[in-house]
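Each protein sequence line maps, in turn, to chains A and B. Final position of the first sequence in the working numbering is 267; the numbers increase by one with none missing. Final position of the second sequence in the working numbering is 267; the numbers increase by one with none missing. Even glycine gets a Cβ: it sits at the ideal position worked out from N, Cα and C.
There are 2 protein chains.
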Amino acid sequence: MSTKYFRKKSMKISNIVKSFIALGHDTRLTIYNLLVTKGESGIPAGEIAAELGIPGATLSFHLTSLSDAKLIGSRREGRTVYYFVKYKRVKKLIKYLKDPVAATALEAETTNETEVE
Amino acid sequence: MSTKYFRKKSMKISNIVKSFIALGHDTRLTIYNLLVTKGESGIPAGEIAAELGIPGATLSFHLTSLSDAKLIGSRREGRTVYYFVKYKRVKKLIKYLKDPVAATALEAETTNETEVE
DNA sequence: TCTATATTTCTATAATTATAGAAATGTAGA
DNA sequence: TCTACATTTCTATAATTATAGAAATATAGA
Numbered sequence: 151m152s153t154k155y156f157r158k159k160s161m162k163i164s165n166i167v168k169s170f171i172a173l174g175h176d177t178r179l180t181i182y183n184l185l186v187t188k189g190e191s192g193i194p195a196g197e198i199a200a201e202l203g204i205p206g207a208t209l210s211f212h213l214t215s216l217s218d219a220k221l222i223g224s225r226r227e228g229r230t231v232y233y234f235v236k237y238k239r240v241k242k243l244i245k246y247l248k249d250p251v252a253a254t255a256l257e258a259e260t261t262n263e264t265e266v267e
Numbered sequence: 151m152s153t154k155y156f157r158k159k160s161m162k163i164s165n166i167v168k169s170f171i172a173l174g175h176d177t178r179l180t181i182y183n184l185l186v187t188k189g190e191s192g193i194p195a196g197e198i199a200a201e202l203g204i205p206g207a208t209l210s211f212h213l214t215s216l217s218d219a220k221l222i223g224s225r226r227e228g229r230t231v232y233y234f235v236k237y238k239r240v241k242k243l244i245k246y247l248k249d250p251v252a253a254t255a256l257e258a259e260t261t262n263e264t265e266v267e
């Protein structure tokens with residue numbers, strides 16, 4: 151039973167694909183770029199919007215994509231929400247690019263659907 | 151004059167974004183995965199289509215995306231076209247993920263629009 | 001509680017991308 | 001040249017994603 155490239159129809163879009171989708175947009179890649187320069191402390195959503203010159207609603211849409219992909223995280227401080235890069239997922243992508251076969255095997259072995267961070 | 155996140159409207163979609171777009175699709179990521187297992191010699195388009203169970207026209211569409219992103223290359227042998235991974239671009243992506251600021255600076259410095267390989 | 005501020009969600013619309021049959025192109029061999 | 005085969009391009013259609021104003025939500029401070 152060759153399971154190599156088999157994929158259940160019901161199987162939702164993989165986290166790896168989600169991550170590449172997230173990075174595959176000019177605005178979102180610029181956000182990633184910006185967040186990298188800001189370190190762990192992150193940067194308020196409003197500042198990102200101002201820096202990129204885009205409406206808050208549009209920014210929110212893109213932040214959701216990056217968050218769903220677990221490429222970024224956020225924390226609220228008062229009425230401000232700070233966004234920051236989550237390097238765990240970035241490292242996973244690098245690993246995937248270097249060796250997709252090994253990374254996929256590892257993923258299948260360790261994925262237990264309860265992963266949080 | 152802050153050029154940090156400035157981007158000319160006329161400026162076409164960057165090669166990095168193009169690459170992430172290319173990898174951000176289940177079928178295309180599966181193609182990448184498959185090609186990695188096949189090494190330098192590559193694999194005929196027809197075999198990819200058969201392995202994935204998709205029509206040739208659909209495959210061609212996705213191969214174009216990966217080729218435009220320079221993630222894969224091809225060579226014709228008779229009536230067969232072989233596709234293979236081009237690791238130069240993969241390495242560039244890894245570099246970008248690790249340090250987007252440095253990678254972007256390097257890109258700006260070395261891009262002369264005549265890059266072929 | 002009232003008001004201002006920060007951000008997100010809702011919604012409609014615009015724009016882009018994906019799919020795949022049919023037609024076209026390129027190549028090999030008879 | 002004729003036929004078969006491999007692949008790509010053309011085309012229409014379906015599906016998805018992006019955009020941004022308006023409304024909603026959350027929090028802080030007066």
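Rounded to the nearest angstrom, how far is the Cβ of residue i from that of residue j, given a contact under 8 Å?
{"i": "Thr180(A)", "j": "Asn183(B)", "result": "Wrong, their Cβ atoms sit about 28 Å apart, outside the cutoff."}
{"i": "Tyr232(A)", "j": "Arg239(A)", "result": "Their Cβ separation, rounded to whole angstroms, is 18 Å, which puts Tyr232(A) and Arg239(A) out of contact at 8 Å."}
{"i": "Phe234(B)", "j": "Gly192(B)", "result": "3 Å"}
{"i": "Leu216(B)", "j": "Ala172(B)", "result": "5 Å"}
{"i": "Val167(A)", "j": "Asp176(B)", "result": "5 Å"}
{"i": "Ile244(A)", "j": "Ile244(B)", "result": "5 Å"}
{"i": "Gly174(B)", "j": "Gly189(A)", "result": "Actually they are not in contact, since the Cβ atoms of Gly174(B) and Gly189(A) sit about 26 Å apart, beyond 8 Å."}
From the DSSP output, in three-state form, read off residue i for me.
{"i": "Ser224(A)", "result": "strand"}
{"i": "Pro205(B)", "result": "coil"}
{"i": "Ile166(A)", "result": "helix"}
{"i": "Gly189(A)", "result": "coil"}
{"i": "Met151(B)", "result": "Its pLDDT being 29, under 50, Met151(B) is placed unreliably in this model, and the coordinates cannot settle the point."}
{"i": "Arg157(B)", "result": "Reliability fails at Arg157(B), whose pLDDT of 36 lies under 50, so the model's placement of it is uncertain and the value that follows must be treated cautiously. Of the three classes helix, strand and coil, the one that applies to Arg157(B) here is coil, per DSSP."}
Check whether the Cβ of residue i lies closer than 8 Å to any Cβ atom in chain B.
{"i": "Pro194(A)", "result": "no"}
{"i": "Gly206(A)", "result": "no"}
{"i": "Thr214(A)", "result": "no"}
{"i": "Asp176(A)", "result": "yes"}
{"i": "Lys248(A)", "result": "yes"}
{"i": "Leu209(A)", "result": "no"}
{"i": "Glu257(A)", "result": "no"}
Please tell me whether residue i has its Cβ less than 8 Å away from any Cβ of chain A.
{"i": "Gly223(B)", "result": "no"}
{"i": "Val231(B)", "result": "no"}
{"i": "Val167(B)", "result": "yes"}
Who are the neighbours of residue i on chain B, taking C-beta pairs under 7 Å?
{"i": "Leu173(A)", "result": "Phe170"}
Give the residues of chain B in contact with residue i, contact being defined as C-beta atoms less than 8 Å apart.
{"i": "Asn183(A)", "result": "Tyr155, Pro250, Val251 and Thr254"}
{"i": "Thr118(A)", "result": "Outside the modelled stretch of chain A, which goes from 151 to 267, sits residue 118(A), for which no answer is possible."}
Using a C-beta to C-beta distance shorter than 7 Å, which residues of chain A count as neighbours of residue i?
{"i": "Val240(B)", "result": "Leu247"}
Inter-stretch contact (C-beta, 8 Å, three-pair minimum) for the stretch 239-256 of chain B and the stretch 197-212 of chain B: no
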